[in-house]
Structure formats: C-alpha cells, structure tokens
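Below is one structure, written out as structure tokens; comments come after it.
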Ligand code: SAM
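Numbering (this note's numbering), first residue to last: 12 to 303.
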C-alpha cells in the first residue's frame, strides 16, 4: 500500500502508472501528514458531513477527508489519474469521482450530487491557475455550502483578508469579505509538495455570509462602485468615480462632477480619499446614497 504522504512513494506510484505531472494543470501534490491533518481539522468534519473536493490529484487529501466525513465527491480534470485514483481509494466506498473540468460543470447538478438537499463542506488544494474563478464560483453558490477550506497561494490569502488601506486590499478583498468570513489557518512551505511550486501557500477557511456582511439596497451597484474606485488606484475617490467605465452604469449626467460631489457628501465621505481606504460599510453608505 502506497503511503501518499511520502514524496518518494508517491513518485513511484505515479511512475508505475506512467503519469508525468502537468504544470499547466497545477499538479503539485501535497505530501505531508501534518498539513493534511490541518486541512481536515479546519474543515470541521463530522461523520455526517458531506464533502465536495476539487482536484483529487493522487488522492492523499481525498482519502484523509473520506476518513473523517460521510461522503467525498471529488472532481478531477485529468482522466489519466483515474486508474491510479481507483486503485488507492479501492477500500473507500464513500468516495466518488467526477472526471470533469470543474469550471465547465453544471454546479447546481454537482452540488446536488455531492450534498443532496443539504449544505456540505467544500475543500480544495486549488490549482493555482484557476484560484480566482473558483472562489467566484464558490461565492455564487454560497447558499450550497457551510464551510470551505482552500489551499491557495499566500499572496491570494493576503488579498482575501486585507483590511482597508493595506497594500494588499483590492476590490477582490471587499468582494470576498462581503460574501464570506475569511480566516487564515496556516502557512504551507513549497517543500511539502511534489514537485515544489515556486511560491509559499496558505490554508484558508471561508464561511458564507447570507445575504452579505452589510445591508445594501443594490448589490450590483455596490460592487460597481467598489470596482470603479479601485480601477483608478492613484486617483482620488471623486476622480475615480468620474472615470468609471460606462458599462458600470454609474452615469452622473451632464453636470457629473457636481452630482458625484453631492453623492459623496450625502454619504458623508470625503472625495479626496483614495478608494482603497474605504471600508465595506462606507461603500455600502455610498451605494445606498446612490439609490436614493
Ligand atoms: N488534492 C491533491 C493534493 O492535495 O495533493 C491535488 C492538488 S493539485 C494542486 C490540483 C489538482 O487539480 C490536480 O490534480 C489537477 O489535475 C486538478 N485540476 C486542475 N484543473 C482542474 C479543473 N479545472 N477541474 C478539476 N480538477 C482540476
């Protein structure tokens, strides 16, 4: 029986199946018992929990999850891994694989398969090339899961937890913090992966916030305002709003500067500030003032 936390044994297993790891699919496999335990523990699993995993790889995390949960549904794009995964998980009747591209799946159907009508836990050692789209999809389906534990690049984790005014804070930070509660679990060095990636990673845990972290009248406009403000980082908030792309539909009319100044005054926000210094609440006030 292969010990999947041993890089040497995992390499031999891959070789025996004629598999060469593909960088373009983000195939850096986690071979470390301690980090696997940290991920499983951060997932808060019980014997009743159903888990949806993205990216089974050689199955190390899939098996660790299956040992603590009720069922694991694992999506893996690389069909070359199928015989290997069937072999290493042969003793686990509670694991099912979906050999498809997660980005192209019908997610309503996938969540139905993985969780039935309940909410479950989402876990992924995320392929780095699709980190942002996966998080965006998770947010779009936040009513379908109760917790998500993700292994992401450290730089992404820093952006997700960044406070207003910090150098890492961007529109994606506010997007994530509006929709979820984000928590850093631990830092993961490149050495625990086969092969080691170029960057340090971080395990994060997310909990959905329904409907959102603050009350806003028009969520779409709220995010347009945020994106407009961050679209022109070196400009003042007032100038950034005035230069918002037409597609954001923030048109301030003929007398646009005066209208934008009036909006900022109504929301009690100084237009000379930079967009990245505003909190979620302040953007909420601005968006609600716009609706009025
Ligand atoms: N879970 C394993 C582990 O922790 O060792 C593997 C993690 S590895 C970073 C990412 C895995 O995601 C790879 O096995 C890769 O083939 C798979 N993958 C990449 N893109 C995918 C996609 N679009 N849909 C599903 N799986 C994908």
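Glycine included, each C-beta is placed from N, C-alpha and C at the ideal position.
Please read these numbers as outputs of a predicted model, since none were measured by experiment.
query: Residue 138 CB to nearest heavy atom of the ligand SAM below 7 Å; result: yes
query: Cβ distance (whole Å) where residue 192 is taken to contact residue 220 below 8 Å; result: 6 Å
query: Pairwise C-alpha distance: residue 106 and residue 77; result: 7 Å
query: Residue 65 beta carbon near the ligand SAM (any heavy atom closer than 7 Å); result: yes
query: Assigned exposure category for residue 101 - 16 Cβ within 10 Å defines buried; result: exposed
query: DSSP bridge partner residues for residue 219 (one or two, in chain order); result: 191
query: Rounded separation between residue 232 and residue 256 - CA only; result: 13 Å
query: Straight-line Cα distance separating residue 60 from residue 81; result: 5 Å
query: Rounded separation between residue 39 and residue 68 - CA only; result: 8 Å
query: Any non-hydrogen atom of the ligand SAM closer than 7 Å to residue 38 Cβ; result: yes
query: Simplified DSSP state of residue 185, which is helix, strand or coil; result: helix
query: Length of the line joining the Cα atoms of residue 85 and residue 63; result: 6 Å
query: Cβ distance (whole Å) where residue 249 is taken to contact residue 282 below 8 Å; result: 3 Å
query: Span of the beta strand (DSSP E), counted from its first residue to its last, around residue 158; result: 156 to 164
query: DSSP bridge partner residues for residue 107 (one or two, in chain order); result: 84
query: Cβ-Cβ distance between residue 228 and residue 273 below 8 Å; result: no
query: Reduced DSSP secondary structure (H/G/I, E/B, other) of residue 335; result: What the structure shows of the chain is the stretch from 12 to 303, and residue 335 is not part of that stretch, so it cannot be assessed.
query: Between the CA atoms of residue 31 and residue 181 - distance to the nearest angstrom; result: 37 Å
query: Beta-carbon proximity list for residue 234, same chain, < 7 Å, skipping 5 on both sides; result: 186
query: Residue 72 CB to nearest heavy atom of the ligand SAM below 7 Å; result: yes
query: Three-state secondary structure (DSSP) of residue 39; result: coil
query: Buried/exposed call for residue 212, threshold 16 Cβ in 10 Å; result: buried
query: Residue 133 - containing beta strand (DSSP E), residue span; result: 131 to 136
query: Proximity below 8 Å, CB of residue 151 to CB of residue 133; result: no
query: Residue closest to residue 16, alpha-carbon to alpha-carbon, out of 303, 189, 202 and 291; result: 202
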